[in-house]
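J.: Here's a structure for you.
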C-alpha cells in the first residue's frame with residue numbers, strides 16, 4: 045500500500061505558528077470553503093438563508109457525484125474526460141428505454157447503470173490492455189458517448205419517467221433528494237477508498253505502478269475496476285441530473301468532466317496520483333457551487349465567473365505544490381484511528397468557527413432597508429450569439445429607463461446550469477424573473493420553484509412547459525421557418541436544390557425553425573433538399589460544414605441556415621457564388637446578418653427584433669411584479685428582411 049513518503053522539514057511543527065501553518069496546509073480546501081462562505085455571507089444578504097444553502101447543496105450534487113468517481117481514477121494516477129458524456133448517455137438510455145421502448149422503469153434504470161459501467165470498462169480496457177494514455181482513451185469515449193446520446197435521442201430531449209423524476213424532488217418538502225444521493229455516494233467512496241482491497245490498490249498504483257505490479261497486484265484488472273467505478277458514478281450523476289430537469293438532454297453535462305476533475309484537485313488530490321479522499325472531493329465540489337451561487341447573487345458577469353473559477357483551480361494546484369514542498373501530510377489510503385479523531389475535531393472546530401463568524405456577519409444585513417429599485421433577474425440561454433446579446437441589450441436599456449436593477453446570467457446553452465441560476469434567483473429576493481429557456485421542458489422544474497415562492501416569471505423567445513409564466517414574449521419560430529422557406533423558394537423560382545444548416549441538436553429553436561421550414565417547403569415540390577447538417581448556430585462551424593457539403597453538392601442553388609451566424613459562415617464558404625448563383629437565407633436579423641443582406645451576399649434574414657423582445661420582456665416582468673394585468677401571450681412580429689426593405693428595419 046502506497047503512503048506519502050514526504051518528510052516534514054526540521055522545525056516545521058515547532059511553535060504555535062508552525063502548528064497553525066500545518067493546520068492550514070493540511071486543511072487548505074476546508075479553510076478556503078470557510079473563507080468563501082464568510083465572504084459571500086458578508087457580501088450578500090441572500091446567501092445565508094436555508095433555501096439558498098439547500099440550493100448550494102443541490103447544485104453541488106451532480107458535480108460531486110461525478111467527482112467521487114473521478115477520485116478513484118485520479119488517486120490511481122489516471123484521468124477520465126468522458127464522465128460528462130457518459131452521464132448524458134446513461135440518462136438518455138434510461139429515458140428512451142422507459143418511454144420509446146416501453147421497458148419497465150426498474151429495468152431501464154439497470155440498463156442506464158450498466159451503460160455507465162460498460163463505458164468505464166471500455167476506458168479501462170483501452171488503458172490497461174490497449175496501452176492508450178488515459179487522456180486519449182477517455183477523450184475518445186467522450187466523443188463516442190456524446191454521439192450515441194444524440195443518435196438515440198435524435199437530438200431531442202426525452203421526457204424522464206415520473207417515477208425516476210422524484211430523484212429531483214424533495215423529501216418532506218424541504219430536503220432535496222439530490223443532496224441525499226450525493227451523501228450516499230460520498231460515503232460509498234470513502235468506504236471503498238479506506239476500507240477495501242481495491243481502494244488500497246488505487247493508492248498503491250497511483251503511488252508507484254511498477255512497484256505495485258512487482259508486489260503482486262494485478263494492475264490491469266484493477267484499472268478495469270477503477271474505470272468501471274468511474275462509469276458507475278457517472279451514470280448515477282446522469283440520472284440525478286436528468287431527474288432535476290425532468291428530461292434527458294443529449295447535450296447535458298457538457299464540460300462537467302472539467303468541473304469534476306477540478307473538484308478533486310481543489311479537494312487536495314494530486315494529479316500525479318497516490319493521494320486523495322472523498323471528504324476533500326466533496327469540499328472541492330462545494331467550493332465550486334458556493335462560488336457560482338455567490339457570484340450569481342452578486343450579479344457578477346458570467347464571463348468573469350469563468351475567470352474566477354479558473355483562477356481558483358490554478359491556485360488549488362499551486363497550493364498542492366506548496367503543501368508537498370512544506371511536507372504537509374497527504375491523505376493516503378486512510379487515516380489511522382488517532383488521525384481520524386484529529387480530522388473529526390478539525391471539522392468540528394471549523395464548523396463552530398464558520399457558524400460563529402457567519403452569524404456575526406449576517407448581523408450586517410439585519411435591519412437594512414430594502415433596495416429602492418425593483419430587482420429582476422434575466423437568465424439567457426447563451427450570450428455567445430449576437431441574437432441573445434441583442435435581447436440582453438434591449439432588456440438593459442428598458443431596465444435603465446424604468447429604474448430596474450437587472451441581473452443577467454448566461455446559461456451557456458446548458459439546461460442544468462440555467463436550472464441552478466433560476467434557483468439562485470428564487471432565493472435571491474428578486475421581484476420577478478425573465479427566462480429565455482435553453483430547453484422548454486428542462487426549465488419547468490426551476491420555474492415551478494419560482495411559482496411556489498410567488499415570484500412572477502416571464503418567458504422570452506421560448507416558452508416554459510409544465511410551469512406557470514405570467515407572460516410569453518416571443519415571435520413564432522415555426523412561422524419564421526415557414527417564411528424562410530417561402531422567401532428562398534420564390535427567389536429560386538420554385539425549383540432547385542438546397543442544403544440546410546441546422547442549429548445545435550436538442551435545442552427547441554433548431555427543432556421549431558426546421559419544422560417550420562419543412563412545412564413551408566411542402567408548397568414548393570420543385571425544391572429538393574439534398575443535405576442537412578448541424579453547425580451548432582456557430583459561424584466557424586457553418587463555414588466548415590458548408591465547405592464540406594460543397595464537395596458533395598457543388599451545384600446547389602440555395603442554402604437555408606437556422607440562424608444568421610451559420611448563414612454568414614456559409615457565405616464565406618460559397619465565396620463569389622453567394623448572392624449570385626447560390627441564394628442564402630438566414631434567421632434572426634442580427635446586425636452582421638443585416639449588413640450581409642445590404643451587401644447582397646445574404647438574400648434574406650427572418651428577423652425577430654431581439655432588442656424589442658428584451659424591452660417588452662422587462663416591461664411585462666415589472667408589471668407582473670407590481671400585480672398589474674399582463675397579457676399571457678405577447679407576439680413580436682417576424683419579418684423577412686431583404687435588400688429592398690433592410691434600410692428601414694430596426695431590430
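Numbering (our numbering), first residue to last: 45 to 695. Don't be surprised by glycine CBs; every beta carbon is placed ideally from N, CA and C. All figures in this text were calculated on a predicted structure; none of them were measured in a lab.
(1) Rounded to whole angstroms, what is the Cα-Cα separation between residue 543 and residue 557?
(2) Would you mind giving the Cβ-Cβ distance between residue 646 and residue 630, rounded to the nearest angstrom? I have them listed as a contact below 8 Å.
(3) Rounded C-beta distance between residue 334 and residue 423? I'm assuming under 8 Å.
(4) Would you say residue 178 and residue 123 are within 8 Å of each other, going by their C-beta atoms?
(5) Short check: CB of residue 280 to CB of residue 165, under 8 Å?
(6) Starting from the C-beta of residue 245, find all residues in its chain whose C-beta is less than 6 Å away, skip the five residues before and the five after it, and write them out in chain order.
(7) Just to confirm, is the Cβ distance from residue 649 to residue 685 under 8 Å?
(8) Can you list, in chain order, the stretches of the alpha helix (DSSP H) that have 4 or more residues and sit fully within the stretch 214 to 286?
(9) Considering only residues of the same chain and omitting the five flanking positions on each side of residue 414, which have a CB-CB separation below 7 Å?
(10) Does the distance from the C-beta atom of residue 320 to that of residue 307 stay below 8 Å?
(11) I'd like to check one pair, residue 690 with residue 638: are the Cβ atoms closer than 8 Å?
(12) What does the alpha-carbon distance come out to for the pair residue 627 and residue 429?
(13) With 16 as the cutoff for other CB atoms within 10 Å, does residue 521 come out buried or exposed?
(14) Per DSSP, which one or two residues make a beta bridge with residue 627?
(15) Per DSSP, residue 421 forms a beta bridge with which residues?
(16) DSSP on residue 444, reduced to helix/strand/coil?
(17) Does DSSP classify residue 376 as helix, strand or coil?
(18) Can you list, in chain order, the residues of its chain with a C-beta nearer than 8 Å to that of residue 420? Leave out the 5 residues immediately preceding and following it.
(19) Find out if the Cβ-Cβ distance for the pair residue 489, residue 217 is shorter than 8 Å.
(20) Using DSSP's beta-bridge definition, name the partner residues of residue 677.
(21) Please identify the residue among 621, 283, 563 whose C-alpha is closest to the C-alpha of residue 209.
(22) Report whether the distance from the Cβ of residue 251 to the nearest heavy atom of the ligand NAD is below 7 Å.
(23) Sort 495, 150, 331 by Cα distance to residue 100 and report the nearest one.
(24) Taking the alpha carbon of residue 344 as the point to measure from, which residue in 468, 192, 258 has its own alpha carbon closest?
(25) Taking the CB atoms as reference points, tell me whether residue 303 and residue 426 lie closer together than 8 Å.
(26) Candidates 347, 127, 142: which alpha carbon is nearest residue 305's?
(27) Cα-Cα, which of 115, 121, 350, 151 is closest to residue 237?
(28) If contacts are defined as beta-carbon pairs under 8 Å, then residue 552 and residue 483 qualify, I think. What distance do you get, rounded to the angstrom?
(29) In angstroms, rounded to a whole number, what distance separates the CA positions of residue 506 and residue 202?
(30) For the stretch 510 to 528 against the stretch 609 to 625, are there 3 or more C-beta pairs whose distance is under 8 Å?
(31) Classify residue 671 as buried or exposed, calling it buried when 16 or more other Cβ atoms lie within 10 Å of its own Cβ.
(32) Tell whether a beta-carbon distance below 8 Å holds between residue 341 and residue 220.
(33) Tell me residue 684's beta-bridge partners as DSSP assigns them.
(34) Mark residue 277 as exposed unless 16 or more other C-beta atoms lie within 10 angstroms of its C-beta, in which case mark it buried.
(35) Going by DSSP, what residues sit across from residue 306 in a beta bridge?
(36) Keeping to the same chain, check which residues put their C-beta closer than 8 Å to that of residue 675; ignore five residues upstream and five downstream.
T.: Short version:
(1) 14 Å
(2) 6 Å
(3) The pair is not a contact, with the Cβ atoms about 19 Å apart (cut-off 8 Å).
(4) yes
(5) no
(6) 261, 266
(7) yes
(8) 221 to 239, 241 to 251, 253 to 258
(9) In this predicted model, residue 414 has a pLDDT of only 46, less than 50, meaning its place in the structure is not dependable enough to derive any value.
(10) no
(11) yes
(12) 23 Å
(13) buried
(14) 602
(15) 451, 477
(16) helix
(17) Legend: pLDDT at residue 376 = 47, less than 50; position of this residue unreliable, no value from coordinates given.
(18) 443, 448, 449, 450, 451, 474, 475, 476, 477, 478, 662, 665, 666, 669
(19) no
(20) 516
(21) 283
(22) This structure does not include the ligand NAD; it has no bound ligands of any sort.
(23) 331
(24) 468
(25) no
(26) 127
(27) 115
(28) 6 Å
(29) 18 Å
(30) no
(31) exposed
(32) no
(33) 650
(34) buried
(35) BP columns for residue 306 are empty, so no partner.
(36) 515, 664
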